[in-house]
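Top line first, the protein sequences correspond to chains A and B. In terms of this note's numbering, the first sequence opens at residue 2 and continues consecutively. In terms of this note's numbering, the second sequence opens at residue 2 and continues consecutively. These notes are about the structure you will find just below.
Number of protein chains: 2
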Amino acid sequence: MKAAQDCYPSRVGKREEILERLDPVIYDYSEPISPNALNQHQLQQFEQDGFITLPDFMPEMVAPLLDEISRMKQSMAGREELVTEPDSHELRSMFALHQHSDLMDRFSRDQRILEIVHQLLGSEAYLMQSRLNIKPAFRGKSFSWHSDFETWHVEDGMPRMRAVTVWLMLDENTEFNGPLYVVPGSHKKYVSCQGTTELNNHQKSLKKQVAGVPEPESIQQILKDNGLVSIKGKPGTLVIHECNLLHGSPDNLSPWPRSVLMMVYNSVENRVTTPYSGLKPRPEYLSSADQAPLKPVNKD
Amino acid sequence: MKAAQDCYPSRVGKREEILERLDPVIYDYSEPISPNALNQHQLQQFEQDGFITLPDFMPEMVAPLLDEISRMKQSMAGREELVTEPDSHELRSMFALHQHSDLMDRFSRDQRILEIVHQLLGSEAYLMQSRLNIKPAFRGKSFSWHSDFETWHVEDGMPRMRAVTVWLMLDENTEFNGPLYVVPGSHKKYVSCQGTTELNNHQKSLKKQVAGVPEPESIQQILKDNGLVSIKGKPGTLVIHECNLLHGSPDNLSPWPRSVLMMVYNSVENRVTTPYSGLKPRPEYLSSADQAPLKPVNKD
Chain A
2 MKAAQDCYPS RVGKREEILE RLDPVIYDYS EPISPNALNQ HQLQQFEQDG
52 FITLPDFMPE MVAPLLDEIS RMKQSMAGRE ELVTEPDSHE LRSMFALHQH
102 SDLMDRFSRD QRILEIVHQL LGSEAYLMQS RLNIKPAFRG KSFSWHSDFE
152 TWHVEDGMPR MRAVTVWLML DENTEFNGPL YVVPGSHKKY VSCQGTTELN
202 NHQKSLKKQV AGVPEPESIQ QILKDNGLVS IKGKPGTLVI HECNLLHGSP
252 DNLSPWPRSV LMMVYNSVEN RVTTPYSGLK PRPEYLSSAD QAPLKPVNKD
Chain B
2 MKAAQDCYPS RVGKREEILE RLDPVIYDYS EPISPNALNQ HQLQQFEQDG
52 FITLPDFMPE MVAPLLDEIS RMKQSMAGRE ELVTEPDSHE LRSMFALHQH
102 SDLMDRFSRD QRILEIVHQL LGSEAYLMQS RLNIKPAFRG KSFSWHSDFE
152 TWHVEDGMPR MRAVTVWLML DENTEFNGPL YVVPGSHKKY VSCQGTTELN
202 NHQKSLKKQV AGVPEPESIQ QILKDNGLVS IKGKPGTLVI HECNLLHGSP
252 DNLSPWPRSV LMMVYNSVEN RVTTPYSGLK PRPEYLSSAD QAPLKPVNKD
């Protein structure tokens, strides 16, 4: 299948430039119909900032998920879904967790989360990616500034901005353990990056991203009105994060790991086609072949 | 001259261990005799934490010093006293500033600073090192956990813990631009590090220190009672920092540089001898050959 018209060209060998977002941020602004949906104030905040933090959202899930992760580190050892740090053999990320664990699968379909996702995307959604970022104590390395959408568009073929990442803090996220830095409002701009994409770029980029990282001047320009925010919180805090939000995170020099469990939801009306890079698609653990709408699971 | 008995062995090819400090933290606890000296409360804080932050100490010096630095970047270009970042050609540190600038020389002998230094060291002092750390926006890399004293002892031959670093913030130091992390109270322990020291180690260590970096287990143990503190403040804030305080700092991912001007004062009763590593001394810009007591300069 040939990729459709490219509304968001990036890494196409041109000079970097900042484009306007062409898509809505929120696809369904109607009144909440469930207690889990975001209220109008929260929706406005998400629209404006491109993210929202919900403290104490599911603290009861933290211990069981951490146990499950310990188990999965053993059971998934040696698989390509496990990515190590650039400078050491410590685990940096694990992917496709929902395919290897019933608990992770149920978490990804938790009704409390899916109702918000459906509300923001204005449609049903499928799980494009599940991921644990570990940021190990002392050795966890930084993530460069980037928009997830830019990568998903160029390398996976996501056509439009109609996806969100929902992530749960499994450790306390503090100023010391490499918290996520975001540029509020940056989701309304799109940096069409310079350069091109190498074959199998993901093998490097999951350790340290280079292609698709905006130049300092672009970041400066986007950042000048709104500054930076670091997302901190206790374990059990949920964060919802628009697909095009500019974000990065520093090294973790501290003795405290920073594990966050991330689920990427893409609208079923925005299913990926072929990568806009023209290269072959990335592995299935980065962009799921299963694009069926998710069925919510109740808490009990 | 042969180095005296080694009270603080490190990198001597043994297993890492944590030793007790053998020296006082403050050498003169008598009542302040000048308005610039620290009061008893501040002395106690320094004794306990190993550092003290003095906001708004010399804000009037920031602009002239920044101008001077701009000039010196040109006039010192190409000299070995200029150290670049490990991953780029951006400037990371500049040394021996007082030898290349009258303003820097006068700053290093500012009476307001020297009175505190004399008080803490209980003696006159000489300027062992002057240094600017730049931590450039976007590209400034982390500094590993270390005690300055450990390096000065092993690589420069500083016999005992009787030195302080005084540093002035030339930019605002925030949570985002790679602020200094310190472990309060860590100056009372000494990590005798494993390994040995390579010849010309400083050529690498000034970009990224490896030898003399305690193992995570040692840092955990020292840190478990007091946690971490990040030192933040406005330009013009002065920080005094005991020579054996465990510290490090993360990347600077932000668009704001973090320049700090550092002066290292060593007691004239603690002059360096030969390096305890047994290797040849480091260059003069890291440990000054001029060990004459500093003469204070008044502000005007």
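All residues carry an ideal CB built from backbone N, CA and C; glycine is no exception.
*Would you kindly work out how many angstroms separate the C-alpha atoms of Lys-15(B) and Leu-55(B), rounded to a whole number?*
39 Å
_alpha helix (DSSP H) segment containing His-203(B), residue limits_ = 203-206
*Which parts of the region 87-128 of chain A are runs of the beta strand (DSSP E), unbroken and 3 residues or longer, counting only runs that do not cross its ends?*
92-96
*asked:* Once DSSP output is grouped into helix, strand and coil, what is the label at Ser-76(B)?
replied: helix
*Going by other Cβ atoms of all chains shown within 10 Å of its Cβ, with 16 needed for buried, is Asn-201(B) buried or exposed?*
exposed
*Buried versus exposed, by CB contacts within 10 Å (16 or more), Leu-324(A)*: Lying before the first or after the last residue shown, residue 324(A) is absent from chain A, which here runs from 2 to 301.
*asked:* Is it buried or exposed, Glu-243(A), if we count other Cβ atoms within 10 angstroms and call 16 or more buried?
replied: buried
_Alpha carbon of Leu-128(B) to alpha carbon of Lys-74(B), nearest angstrom_ = 21 Å
*Three CB pairs or more closer than 8 Å across the region 254-268 of chain B and the region 136-146 of chain B*: yes
*C-beta neighbour in chain A for Tyr-182(B), strict 8 Å*: yes
*Use the C-beta contact count for Glu-81(B): other C-beta atoms within 10 angstroms, 16 or more gives buried, fewer gives exposed.*
exposed
*Give the secondary structure of Lys-3(B) by DSSP, where H, G and I count as helix, E and B as strand, and everything else as coil.*
Model confidence at Lys-3(B) stands at a pLDDT of 48, short of 50, so the residue's coordinates are unreliable; what they give is reported in the following sentence. Three-state result, Lys-3(B): coil.
_For a contact defined as C-beta to C-beta under 7 Å, what are the partners of Asp-1(A) on chain B?_
As displayed, chain A neither begins before 2 nor continues past 301, which places residue 1(A) out of reach and without an answer.
*Which of helix, strand or coil DSSP assigns to Ala-153(B)*: Here residue 153(B) is Trp; the residue named in the question, Ala, does not match the sequence. Correct three-state label for Trp-153(B): helix.
*Option in Gln-41(A), Glu-125(A), Ser-131(A) with minimal Cα separation from Gln-100(A)*: Ser-131(A)
*Could you check if Pro-215(B) is buried or exposed, using at least 16 other CB atoms within 10 Å of its CB as the buried criterion?*
buried
*asked:* To the nearest angstrom, how far is the alpha carbon of Ser-193(B) from that of Ser-206(B)?
replied: 18 Å
*Whole angstroms is fine: what's the gap from Ile-220(B)'s alpha carbon to Leu-181(B)'s?*
16 Å
*Leaving out five residues on either side along the sequence, give the residues of the same chain with a beta carbon under 6 Å from the beta carbon of Asn-227(B).*
Pro-185, Gly-186
*asked:* My output table needs one value for Phe-47(B): the three-state DSSP class, helix, strand or coil.
replied: helix
*In chain B, what lies closer than 8 Å to Ser-255(A) by C-beta?*
Tyr-182, Leu-229
*Verify whether the separation of the beta carbon atoms of Asp-29(A) and Val-298(A) is less than 8 Å.*
no
*asked:* Is there a C-beta anywhere in chain A that falls below 8 Å from the one on Trp-146(B)?
replied: yes
*What number of angstroms, rounded off, separates the C-alpha of Ser-35(A) from the C-alpha of Leu-115(A)?*
11 Å
*Taking only runs that begin and end inside the region 203-249 of chain A, name each unbroken alpha helix (DSSP H) of 4 or more residues, in chain order.*
203-206, 217-224
*Can you give me the Cβ contacts of Ser-11(A) inside the same chain, cut-off strictly under 6 Å, excluding the 5 residues immediately before and after it?*
Glu-151, Val-155, Ser-193, Cys-194
*Quickly, what does DSSP pair Trp-168(A) with across the bridge? List them, please.*
Val-240(A), Met-263(A)
*Give, in chain order, every residue of the region 205-225 of chain B whose Cβ lies closer than 7 Å to some Cβ of chain A.*
Pro-217, Ile-220, Gln-221, Leu-224
*Check whether the Cβ atoms of Thr-275(B) and Gly-158(B) lie closer than 8 Å to each other.*
yes
*Does DSSP put Ser-187(A) in a helix, in a strand, or in coil?*
helix
_Cα-Cα separation between Gly-79(A) and Leu-66(A), rounded to whole angstroms_ = 21 Å
*Beta-carbon neighbours of Glu-91(B), restricted to chain A and to distances below 9 Å*: By Cβ distance, chain A contributes nothing, its closest Cβ being about 11 Å from Glu-91(B), past 9 Å.
*Three-state secondary structure (DSSP) of Ser-11(A)*: coil
*Could you list which residues in chain A have their beta carbon closer than 7 Å to that of Glu-176(B), in chain order?*
Glu-176, Ser-231
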